[in-house]
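Novice: Residue numbers (the numbering used here), protein chains in the order written: chain A, 4 to 212; chain B, 4 to 212.
Quick reminder that beta carbons are idealized off the backbone N, C-alpha and C, glycines included.
For clarity, every value in this text was computed on a predicted model and none was experimentally measured.
Right, I'll just put the structure down here and ask away after.
Written out as C-alpha cells, the structure is:
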C-alpha cells in the first residue's frame with residue numbers, strides 16, 4: 004500500500020515558515036533557522052551533491068524519510084518563484100540543474116505549465132487540485148510511498164481532507180512568534196503517536212493518521 | 004540554585020486548554036483529553052490518594068517533575084472557581100481536603116485573600132504580580148525548585164519575562180483547533196533542547212531557557 008507521508012519541520016510554537024515570506028526570503032523572516040539541524044548532516048548533503056557532513060541521531064530519520072519514496076508533492080510556494088502565471092522565463096525551482104529528488108515531483112499550482120525535466124527529476128504542474136495530484140503521484144510512485152513536502156497551506160489541505168497517512172514532524176526549539184502556522188483549523192483530529200526521536204537541536208515526531 | 008520549572012501538557016497544535024473554558028468545564032471543550040496520558044499512572048494516582056495504576060515510560064518523567072520541588076505557582080484560573088472577588092464561601096481548589104502538593108502553593112490573583120491551609124498544603128494568594136510570587140515561592144522552597152503549573156496566561160507571562168529556567172512540555176497527539184494557546188507572542192525565543200522522552204500517547208520534551 005502506497006502511503007502519503009507528510010514530512011515537515013516546525014518551530015515549537017507551530018510555524019513552518021517565518022513571517023513576510025517573499026521571493027527574496029522564501030522561508031520568511033527567521034525561517035531558515037528551522038532547518039539548521041538538517042544542513043550539517045551527511046544524509047542531507049549527499050543527495051544535494053555535497054561532500055562530508057555529520058552523522059547523528061537525525062541520520063536514520065532523514066534516511067528513513069527518503070527511503071521507499073517514489074514521488075513527491077509540493078505546493079507552488081515551496082517550488083518557489085512567486086505567484087501568478089509562470090511567464091516567459093519561468094522559475095525552475097530552488098535546486099539548480101540537478102534537483103535531489105530523482106523521482107517525479109508534482110507541484111500544485113493554479114497556472115498550467117509543461118513538465119520540466121532536470122537530470123532525472125521531472126516536475127509536473129498540477130492544476131486540478133490535491134486529489135488529482137495525489138492520484139498522479141501514486142501512479143508515478145508505482146507502489147512506493149508518496150512524500151508531501153509542504154508547505155503549510157498544501158499540508159493543511161491534505162490533512163483536512165484526511166489524505167495523509169503519516170505525519171513526520173521535526174520540532175525545533177525555536178519560537179518564531181508569527182509566520183505560516185501548520186496545524187490550524189484542524190480541531191478534532193486525533194493522531195496515533197508512532198515514535199519520537201531525540202536528536203541534536205531537534206525532536207522527530209512521527210504520527211499515523 | 005532554585006530553578007523555576009514550567010510543567011504543562013499541550014496538544015500538538017499548541018493548546019493547553021480547549022475553547023469555552025467555564026466553571027463547569029475548566030479545561031474547555033475537549034481539554035480533558037490532554038491529560039488522558041497521566042491519569043492511569045501510579046505515579047500520578049499515589050499523590051492524589053488513589054491506589055494502583057500503571058508504570059510506563061511516563062513514570063520517571065512524572066516522578067522527576069515532582070522531585071526536589073519546594074513550592075508551586077499557578078494562575079487563578081488554574082486554581083479555579085471563576086473570576087472576580089472570592090466572596091463569602093470561597094472556592095478552595097479542585098483537590099478536595101488533601102491537595103497533592105504538600106508544599107506552599109502561590110496563586111496569582113487580582114483579589115486578596117487570606118492563606119488557605121489544607122492538610123499540609125498552604126495556598127497563598129499573591130496580588131502583586133509574577134515577580135513577587137516567584138520571590139515568595141523561592142523563599143518558601145528553601146533551596147529547592149519552584150514549579151510553575153500554568154495555565155497558559157500565567158505561563159506566557161513568566162516566559163516573556165525571562166523567568167522560566169526549564170520548560171517541561173508534554174505533547175499529546177491531538178489537535179484541539181482552538182482554546183488557550185500557550186506559546187503565543189513569544190517570537191525570537193530560542194530554547195535549548197535538553198531531552199525528549201517517548202511514552203504511550205505522549206512525548207515529553209524538556210527545554211532549558
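Along the alpha helix (DSSP H) that carries residue 23(B), what are the first and last residues, could you check?
Specialist: Taken as a continuous stretch (DSSP letters only), residue 23(B) belongs to no alpha helix (DSSP H), as it is neither H nor E.
Novice: With distance defined between alpha-carbon atoms, name the residue in 30(A), 5(A), 37(A) and 28(A) nearest to residue 14(A).
Specialist: Just measuring C-alpha positions, the residue of 30(A), 5(A), 37(A) and 28(A) sitting nearest residue 14(A) is 37(A).
Novice: Inspect the CB distances between the region 19 to 37 of chain B and the region 174 to 191 of chain B and report whether three or more fall short of 8 Å.
Specialist: yes
Novice: Once you ignore the five residues that flank residue 86(A) on each side, which residues in its own chain have a CB closer than 6 Å to its CB?
Specialist: none
Novice: Would you list, in chain order, the members of the region 178 to 201 of chain A that have their beta-carbon closer than 8 Å to a beta-carbon of chain B?
Specialist: 178, 179, 180, 181, 186, 187, 188, 189, 190, 191, 192, 193, 194, 195, 196, 198, 199, 200 and 201
Novice: To the nearest angstrom, how far is the alpha carbon of residue 73(B) from that of residue 60(B)?
Specialist: Approximately 25 Å, taken between the alpha carbons.
Novice: May I ask you to report which of helix, strand or coil DSSP gives residue 193(B)?
Specialist: strand
Novice: Please tell me whether residue 176(B) has its Cβ less than 7 Å away from any Cβ of chain A.
Specialist: Yes, contact with chain A.
Novice: As an exercise, report each continuous beta strand (DSSP E) stretch of at least 3 residues that is fully enclosed by the region 73 to 160 of chain A, in chain order.
Specialist: 108 to 111, 119 to 121, 124 to 129 and 148 to 151
Novice: Are at least three pairs of beta-carbons, each pair with one atom in the region 162 to 175 of chain A and one in the region 86 to 103 of chain A, less than 8 Å apart?
Specialist: no
Novice: Kindly confirm or deny that the region 149 to 163 of chain A and the region 62 to 81 of chain A touch, where touching means at least three C-beta pairs closer than 8 Å.
Specialist: yes
Novice: Cβ closer than 8 Å: which chain B residues qualify as neighbours of residue 210(A)?
Specialist: 15 and 176
Novice: Work out the CA separation of residue 116(B) and residue 266(B) for me, nearest whole Å.
Specialist: The displayed coordinates of chain B run from 4 to 212. Any statement about residue 266(B) would go beyond what the structure contains.
Novice: In the DSSP assignment, the beta strand (DSSP E) including residue 14(A) goes from what residue to what residue?
Specialist: Its beta strand (DSSP E) spans residues 7 to 14.
Novice: So, with DSSP's three-state summary, where would you put residue 211(A)?
Specialist: In this structure, residue 211(A) counts as strand in the three-state DSSP scheme.
Novice: CA-CA distance, residue 12(B) and residue 131(B)?
Specialist: 27 Å
Novice: Determine the chain B residues that contact residue 206(A) at a beta-carbon separation under 8 Å, and present them in chain order.
Specialist: 196, 199, 206 and 208
Novice: Could you tell me the boundaries of the alpha helix (DSSP H) in which residue 69(B) lies?
Specialist: Unbroken alpha helix (DSSP H) run through residue 69(B): 60 to 69.
Novice: Going by the beta-carbon positions, is the gap between residue 8(B) and residue 195(B) smaller than 7 Å?
Specialist: no
Novice: Mind checking whether residue 6(A) and residue 148(A) have CB atoms under 7 Å apart?
Specialist: Against a cut-off of 7 Å, the Cβ pair of residue 148(A) and residue 6(A) comes out as a contact.
Novice: Within this structure, are the beta carbons of residue 55(A) and residue 44(A) separated by less than 7 Å?
Specialist: no
Novice: Do the CB positions of residue 112(A) and residue 118(A) come within less than 7 Å of each other?
Specialist: no
Novice: Do residue 208(B) and residue 172(B) count as a contact pair if the criterion is CB distance below 7 Å?
Specialist: yes
Novice: The alpha helix (DSSP H) with residue 48(B) in it runs from where to where?
Specialist: 45 to 48
Novice: Can the beta-carbon of residue 145(B) be found closer than 7 Å to that of residue 206(A)?
Specialist: no
Novice: When you compare only the Cα positions, how much space is there between residue 143(B) and residue 185(B)?
Specialist: So the alpha carbons of these two residues sit roughly 27 Å apart.
Novice: With a cut-off of 8 Å on the beta carbons, I'd call residue 109(A) and residue 136(A) a contact; round off their distance for me.
Specialist: With a Cβ gap of about 5 Å, residue 109(A) and residue 136(A) count as contacting.
Novice: Output the boundary residues of the beta strand (DSSP E) element that contains residue 169(A).
Specialist: 169 to 175
Novice: Grab me the residues of residue 106(B)'s own chain with a C-beta within less than 6 Å of its C-beta, minus the 5 sequence neighbours each way, in chain order.
Specialist: 73 and 74
Novice: From residue 46(A) to residue 114(A), what does the alpha carbon distance come to, in whole angstroms?
Specialist: Straight across, the Cα-Cα distance linking residue 46(A) with residue 114(A) is about 34 Å.
Novice: Is the closest heavy atom of the ligand COA to the C-beta of residue 207(B) under 6 Å?
Specialist: In the structure shown, the ligand COA is absent, as is every other ligand, since no ligand is present at all.
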